[in-house]
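Encoded as structure tokens, the structure appears first; notes follow it.
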């Protein structure tokens, strides 16, 4: 579902395995994601050539595989 636009680029939203996933395209190769434990939401940048849905699926898979690094709160 398209939720809006960020800097003119469509922002897509998905609900995958209980996680809200927000995806926008980026111009750089390789994606990056951030996770909010309090909202169980993932924000991810989809690299060129990757669909929004594929980027969302890969972000959830990475989270579930423990590949996210966590920053400690001060």
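In the working numbering, the protein residues as written are 78 to 151.
The C-beta atom is built at its ideal place from N, Cα and C for all residues, glycine as well.
DSSP bridge partner residues for residue i (one or two, in chain order)
i: residue 129; result: According to DSSP, residue 129 bridges with nothing at all.
i: residue 110; result: 121
i: residue 88; result: 81
Cβ-Cβ separation, residue j to residue i (assumed contact under 8 Å), whole Å
i: residue 108; j: residue 97; result: About 17 Å separates the two Cβ atoms, so there is no contact after all.
i: residue 104; j: residue 125; result: 7 Å
i: residue 118; j: residue 132; result: Not quite, the Cβ-Cβ distance comes to about 14 Å (not below 8 Å), so this is no contact.
i: residue 138; j: residue 110; result: Actually they do not touch by this definition, with Cβ atoms about 11 Å apart.
Pick from the options that is closest to residue i, judged by C-alpha positions
i: residue 120; options: 106, 94 and 100; result: 100
i: residue 116; options: 84, 85, 87 and 92; result: 92
i: residue 102; options: 142, 95, 127 and 144; result: 127
i: residue 95; options: 80, 134 and 110; result: 134
i: residue 113; options: 78, 79 and 145; result: 145
i: residue 78; options: 142, 85, 84 and 129; result: 129
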